[in-house]
Amino acid sequence: MSSFTWVCLLFNLCMLLSSYPALSDPFLGEKGLAEIPSKFLNLAKRPEIFEYMVKIRRSLHENPELGYEEFETSRFIRNELDGMGIPYKHPIAVTGIVGYIGTGNPPFVAIRADMDALAMQEAVEWEHKSKVPGKMHACGHDAHVAMLLGAAKMLQEHRSDLELAFQGTVILVFQPAEEGGGGAKKMRDAGILENVDAIFGFHVSSSFPLGTVATRAGPLMAASGFFEAKISGKGGHAAIPQHTIDPILASSNIIVSLQHLISREADPLDSQVVTIAKFQGGHAFNVIPDSVTIAGTFRAFSQESFMQLKHRIEEVITLQASVQRCNASVNFYADEKPFYPVTVNDKDLHKHFQKIAGHMLGDENVKEVQPLMGAEDFSFFAEAIPGYFYYIGMFNETEGQLASGHSPYFKVNEDALPYGAALHASIAATYLLEHHSPIATQKRSSHDEL
Ligand SMILES: [Zn+2]
Ligand SMILES: [Zn+2]
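The sequence shown runs -24 to -1, 1 to 426 under mature numbering (1 follows the signal peptide of the UniProt record, and there is no 0).
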């Protein structure tokens, strides 16, 4: 479809809207909404948008930055927003940015991307490999930024249509430190969701085919926390254990006892996980060390189960250590690694998503998934206001299975970029279209930031 046809369509839509201010007009009902997602997808696949996103994604991929250190990434995004004439607020949560497209009036709908990379060495040999040793965009956040900027570009280029037609504001959220740093919590605590009615986010996934999306209503991902414990005993000769207090044996018992929290204390129908992922102690074959450090993560699907698990982890570690004559201290790093809440998808937003994604991709390509024990700090947003999170498929049969996130062989299928950008743009635009009401606009104040 030519850009002329596309502009005409939006123009016609605006004309219809201005003639029929009540948004219940039949054209703006099912038929009008049904056309918007595929128009955005066609636009996102056009070279000027697709190549723009590919360029951004590759540039960010070459220059990965870790959580709360995304200074160049943030500067790069702000340059793009400046180029598009999109106003924004910065810095929020060190490197975060919030941009605004539209009238500055309600309703407000937010779309979000995370910006941080991982502390790992890229093993993929390609033209745009990470230039920073030991850092890699191995979770696809480079693609998330590219898609949000792609959506911003499409929405901004049709801003005048948006102002006339949608009478609302799209809020672009670029957040730092998703990988354990809880950047979303800091952004939320800074007040970026004030007056915002809903927020949408997604993650690329190699588990689902290109052209599909996957999600579910209600709980999607688990609450998550981390802990580290130091178990102290008394070191000595490995052949004379009676003169020592062995922290390695004590830690082994602690690890076994922690597994009983899941197998014997938790309801089998209430999914929970405790994993010890780190066990460090000792350097020699014949020396019992003074101390051992163990660390791990715990997950649950309700706040109550999560807090009970936390309480019992601490209790089991300290009491089991004392059974073995050791001392133990437990650190949950709540400041540095805040506990992530359960990611819960709002039921009304689920209906909106299914409708829009269905119109864009076909209902058969909107998949339902089981909840996952993984965690996502988008949950901090969805805890505060209605939120919705989904996966964008990247798997392409002809190219074979892609490595999963956090693998040094992780690759993004760039053909997925138009889908993410178009979903962001059409979900936000249609949300405003459906939720705009002249009365609501008069009653509610403008967003404080504008
Ligand atoms: Zn990740
Ligand atoms: Zn991620």
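In this text, a Cβ means the ideal position worked out from N, Cα and C, and glycines have one as well. Quick caveat, the model's predicted, so the values are computed rather than measured.
Endpoints, beta strand (DSSP E) assigned at residue 66
64 to 68
At the level of alpha carbons, what is the spacing between residue 288 and residue 310?
16 Å
Exposure of residue 282, with buried meaning 16 or more beta-carbon neighbours within 10 Å
buried
List in chain order the residues whose CB is within less than 6 Å of at least one heavy atom of ligand 1.
115, 155, 381, 382
Using 7 Å as the cut-off, classify the Cβ of residue 90 as near or not near the heavy atoms of ligand 2, replying yes or no.
yes
Is there at least one non-hydrogen atom of ligand 2 closer than 7 Å to the beta-carbon of residue 117?
yes
Where does residue 262 land, buried or exposed, given buried means 16+ other C-beta within 10 angstroms?
exposed
Out of curiosity, what's the CA-to-CA distance linking residue 313 and residue 279?
17 Å
Alpha carbon to alpha carbon, what distance is there between residue 207 and residue 424?
With a pLDDT of 42 at residue 424, under the threshold of 50, the modelled position of that residue is not reliable, and no figure is offered here.
Answer yes or no: do residue 71 and residue 96 have a C-beta to C-beta separation smaller than 8 Å?
no
Does DSSP put residue 213 in a helix, a strand or coil?
strand
Identify whether residue 392 lies in helix, strand or coil by the three-state DSSP scheme.
helix
By the 10 Å Cβ neighbour count, where 16 or more other Cβ atoms means buried, how is residue 260 classified, buried or exposed?
exposed
Work out the CA separation of residue 256 and residue 178 for me, nearest whole Å.
36 Å
Would you mind working out which of 393, 343, 212, 406 sits nearest residue 332, comparing C-alpha positions?
406
Which residue spans inside the stretch 30 to 115 form an unbroken beta strand (DSSP E) run of at least 3?
64 to 68, 72 to 78, 84 to 90
Count Cβ pairs between the stretch 221 to 231 and the stretch 169 to 186 that sit closer than 8 Å; are there 3 or more?
no
DSSP three-state label for residue 301, please.
coil
Quick check: is any heavy atom of ligand 2 less than 7 Å from the C-beta of residue 326?
no
Same chain only: Cβ atoms within 6 Å of residue 271, ignoring 5 sequence neighbours per side:
204, 254
So, are the CB atoms of residue 273 and residue 157 less than 8 Å apart?
no
Considering Cα atoms alone, identify which of 181, 399, 135 is closest to residue 80.
135
Runs of alpha helix (DSSP H) wholly within the stretch 251 to 326 (minimum 4 residues, chain order):
279 to 299
Among residues of its own chain, excluding the 5 on either side of residue 395, which ones have a beta-carbon nearer than 6 Å to its beta-carbon?
368
Counting only the same chain and skipping the five closest in sequence on each side, list residues whose C-beta sits under 6 Å from that of residue 411.
83
Beta-carbon separation (whole angstroms), residue 118 vs residue 33, contact threshold 8 Å:
5 Å
With respect to the beta strand (DSSP E) encompassing residue 159, which residues constitute its N-terminal and C-terminal limits?
Per DSSP, residue 159 belongs to no beta strand (DSSP E); it is in the alpha helix (DSSP H), 159 to 165.
From the DSSP secondary-structure annotation, give me the bridge partner or partners of residue 348.
197
If we call anything under 8 Å between Cβ atoms a contact, is residue 125 one with residue 53?
yes
Check each candidate in 371, 373, 361 and name the one with the smallest Cα separation from residue 169.
361
Distance between residue 353 and residue 284 (C-alpha atoms, nearest Å):
21 Å
Taking 7 Å as the cut-off, does the CB of residue 113 come closer than this to any heavy atom belonging to ligand 2?
no
According to DSSP, which residues form a beta bridge with residue 191?
344
Sorry if obvious, but does the Cβ on residue 37 come closer than 7 Å to a heavy atom of ligand 2?
no
Taking 8 Å as the threshold, find out whether the stretch 189 to 196 comes into contact with the stretch 342 to 351 through three or more Cβ pairs.
yes
Could you pull the start and end residues of the beta strand (DSSP E) that residue 386 belongs to?
That residue, residue 386, is in no beta strand (DSSP E); it is neither H nor E in DSSP.
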